[in-house]
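No gaps in the numbering here: position 417 of the sequence shown is 1721 in the numbering used here, and each next residue is one more.
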Amino acid sequence: MNIPSMPDDLKPVVVNENAHVVLEKRYFQKDEEGLPRENAEQMFWRVASVIAAEEAKYEKSPYADVATLANEFYELMTSYRFLPNSPTLMNAGTRLGQLAACFVLPVGDSMEEIFESVKNAALIHKSGGGTGFSFSRLRQKDAMVGSTGGVASGPLSFLRIFNTATEQVKQGGTRRGANMGILRIDHPDIMEFIAAKERDGELNNFNLSVALTERFMKAVEKNEDYELVAPHTGDVTGTLKARDVFNRLVCKAWESGDPGIIFLDRINRDNPTPAQGDMESTNPCGEQPLLPYEACNLGSINLGLMVREGDEPEIDWDELKRVVHMSVRFLDNVIDASRYPLPEITEKVRTNRKIGLGVMGFADLLFQLRIPYDSQEALILAERVIKFVREQARSASKALAAERSPFPAYAESVFGEQNLGPYRNATTTTVAPTGTLSIIAGCSSGIEPLFALSFTRHVMDGAKLTEVNPHFEKALRDAGAWSENLMKDITRKGSIAKMDHLPAEIRRVFVTAMDIAPEWHLRMQAAFQKYTDNAVSKTVNLPNSATKKDIHDIYWMAYEQGCKGVTVYRDGCKAVQVLYTGEGE
Ligand code: UDP
């Protein structure tokens, strides 16, 4: 493959201080002594050139010259308008070459299959990916084991094995493996699963989510019993009162944030390739439901940079369109450039060619447009933006199908059946958390409100980073309200909600996660989900004083408003958390 060499006159990259720490620690290629052997320009060129090089094999490509495309990709990333997910930045052009963040692996009901899956998960973690699993196919604890005459130890005991295995494998040598563990609500061991993370530190390499069915939710509504079913025989093993189980779920989420919930029927209603079977799990952070052995690469557009400045700042729709089209080409090329750790995954990925383009910097966008996050106007804007991104991403995917051919499973997919016209990708949109990408781009993460206007961030290896939102700082200065003492006060408190001496408009616009009532968090998630092919990563942040009823209401709202799942987090409910208001410790 012809990879264009780095031009001498490449534009230098502006790297913010926090990004520098993260890039140097985890993203730059290292020599044998562990010292970085590339800088930001070389890193971005490595990625841009390798992803652009894939273009050469497509005869109908509008780019006669791969170097031109590499330059465009370089500009796209180094202007921080778009970034691909971390594994692409870390691994493109390296020996590892695994570029996707999200994987789902099957776990079958036999020793061979379980340990095959443990092994495969380790290979994926080693390559930088995160894995999701459904444990719903494993027979329940104490069920008979035919081959030995003994009894089964159940999904929870195996989950612990996956957890321990993960502990020992750093992702691509840079971060600890992330996992999602799912169990269906009608699995006989569901009560044990719900309580599995009640002790701090237990299963700490896993997020857990209970897969709820519509049938179960109806039983909760009508206060009925529902049946537990042995997965390996289909026998009913007992019944439980749906409301009791739901309340238990709420109670544990209140205590520790785990488990979250996913709505399985809804996820499968949006399955673009049902002929290939059901989706039973998502990736670790919940935004990407996938088929077993499927992977997906993500990328995010920085909405904070899609603003046309002026007296009345507004979204630059033409620019957003251009960036979406470039990003879709980029992500489709990533599929070809990536080397997956298992042949089953390579085959699945190449069959469906899913990509997940999403957004970050949404809170920054709202700040610039002076729209409070918790307002009707913000919801309307959210829908408009994500609808536009999806329309444009699909139109880009259609254009690529004409250039390169549709994804191989197109004919058997829902698009083929409905004659919707060929796409290059079975899905195009996902809203990722952008935990690290947002640090690199210096923007607010995903669609989250700011956690605090100024805060301390704990990153890997005990490093601490202090961040002040630049839009907020500018607004304070413009209003003549900025002072060093005020900034110190804000860093301590995180929020300005109670600072009556500040202008009312500033206090209304610059709201933080904790100032926002939980139902607005949820409404925002639902607004984005409405026009997202895959799912939306969002944490409904609650104050420490939130009640179990608050969480109950949020779960119920998520169900009613069409979300594919929901995660709540009550401030201070865990001994160690990633983000702190105030100066932290
Ligand atoms: N992920 C992971 N390990 C991590 C963080 C993320 O495996 O430590 C995976 C996981 O599948 C997650 C996805 O990457 O759902 C996207 O996360 P995020 O957007 O925060 O990643 P970034 O690209 O910003 O590093």
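Built from N, CA and C at the ideal position, the CB exists for glycine as well. Values in this document were obtained by computation on a predicted structure and should not be read as measured data.
Going by DSSP, what residue range makes up the beta strand (DSSP E) through residue 1813?
Run containing residue 1813: none in the beta strand (DSSP E); it sits in the alpha helix (DSSP H), 1808 to 1813.
Below 8 angstroms between beta carbons: does that hold for residue 1607 and residue 1689?
yes
Which residue comes first and which comes last in the alpha helix (DSSP H) that contains residue 1422?
1415 to 1430
Going along the chain, which residues of its own chain have a beta-carbon closer than 7 angstroms to the beta-carbon of residue 1365, five neighbours each way excluded?
1359 and 1707
Residue 1746 Cβ short of 7 angstroms to ligand 1 heavy atom set:
No, ligand 1 has no heavy atom inside 7 angstroms of this Cβ.
Check whether the Cβ atoms of residue 1479 and residue 1330 lie closer than 8 angstroms to each other.
yes
On the CB-based measure, 16 or more other CB atoms within 10 Å of its CB, does residue 1412 come out buried or exposed?
exposed
With a threshold of 6 angstroms on Cβ separation, who are the neighbours of residue 1428 within its own chain once the five nearest residues in sequence on each side are excluded?
Taken in chain order, the residues that qualify are 1407, 1435 and 1645.
Going along the chain, which residues put their C-beta within less than 5 angstroms of some heavy atom in ligand 1?
1389, 1390, 1405, 1406, 1434, 1479, 1482, 1587, 1588, 1589, 1736, 1737, 1738, 1739, 1740 and 1741
The alpha helix (DSSP H) that contains residue 1820, what's its start and end?
Taken as a continuous stretch (DSSP letters only), residue 1820 belongs to no alpha helix (DSSP H), as it is neither H nor E.
In or out: residue 1468 buried (at least 16 other Cβ within 10 Å) or exposed?
exposed
Should the region 1338 to 1353 be called in touch with the region 1377 to 1393, which here means at least 3 C-beta pairs below 8 angstroms?
yes
C-beta contact flag for residue 1386 and residue 1627 at 8 angstroms
yes
DSSP state of residue 1707 mapped onto helix, strand, coil
helix
Suppose the cutoff is 6 angstroms on Cβ atoms and the five residues either side in sequence are ignored; what does the same chain contact list for residue 1447 look like?
1456
Using 8 angstroms as the Cβ pair cut-off and three pairs as the minimum, do the region 1824 to 1831 and the region 1854 to 1874 touch?
yes
Inspect the CB distances between the region 1487 to 1495 and the region 1522 to 1539 and report whether three or more fall short of 8 angstroms.
yes
Can the beta-carbon of residue 1730 be found closer than 8 angstroms to that of residue 1705?
Inclusion of residue 1730 and residue 1705 in the CB contact set at 8 angstroms is not warranted, their separation being larger than that value.
Apply the 10 Å Cβ neighbour rule to residue 1501 and answer buried if 16 or more other Cβ atoms are within range, or exposed otherwise.
buried
Which residues bound the beta strand (DSSP E) around residue 1407?
1406 to 1409
Between residue 1669 and the rest of its own chain, which residues show a CB-CB distance below 6 angstroms, the 5 nearest in sequence each way excluded?
The residues are 1607 and 1608.
Is there at least one Cβ from chain D nearer than 8 angstroms to residue 1750's Cβ?
The structure shown contains no chain D, having only a single protein chain.
Can you confirm whether the region 1481 to 1492 touches the region 1534 to 1553 when touching is taken to mean that 3 or more C-beta pairs between the two stretches lie within less than 8 angstroms?
The answer is yes - the region 1481 to 1492 touches the region 1534 to 1553, with three or more Cβ pairs under 8 angstroms.
Measuring only the C-alpha atoms, how far is residue 1638 from residue 1603?
10 angstroms
Classification of residue 1341 by the beta-carbon crowding that lies within 10 angstroms, buried from 16 upward:
exposed
Where residue 1536 and residue 1441 are concerned, what is the direct C-alpha to C-alpha distance, given to the nearest angstrom?
7 angstroms
How big is the Cα-Cα spacing for residue 1335 and residue 1747?
30 angstroms
Along the alpha helix (DSSP H) that carries residue 1363, what are the first and last residues, could you check?
Where residue 1363 is concerned, there is no enclosing alpha helix (DSSP H), given that its DSSP letter is neither H nor E.
In or out: residue 1853 buried (at least 16 other Cβ within 10 Å) or exposed?
exposed
Is residue 1795 helix, strand or coil by DSSP?
In this structure, DSSP gives residue 1795 a helical state, which the three-state scheme calls helix.
Taking only three categories from DSSP, how would you classify residue 1582?
coil
CB of residue 1783 within 8 angstroms of CB of residue 1753, strictly:
no
With DSSP as the reference, label residue 1333 as helix, strand or coil.
coil
For residue 1464, which of helix, strand or coil comes out of DSSP?
Three-state result, residue 1464: helix.
Rounded to whole angstroms, what is the Cα-Cα separation between residue 1539 and residue 1449?
Taking C-alpha positions only, residue 1539 is separated from residue 1449 by approximately 15 angstroms.
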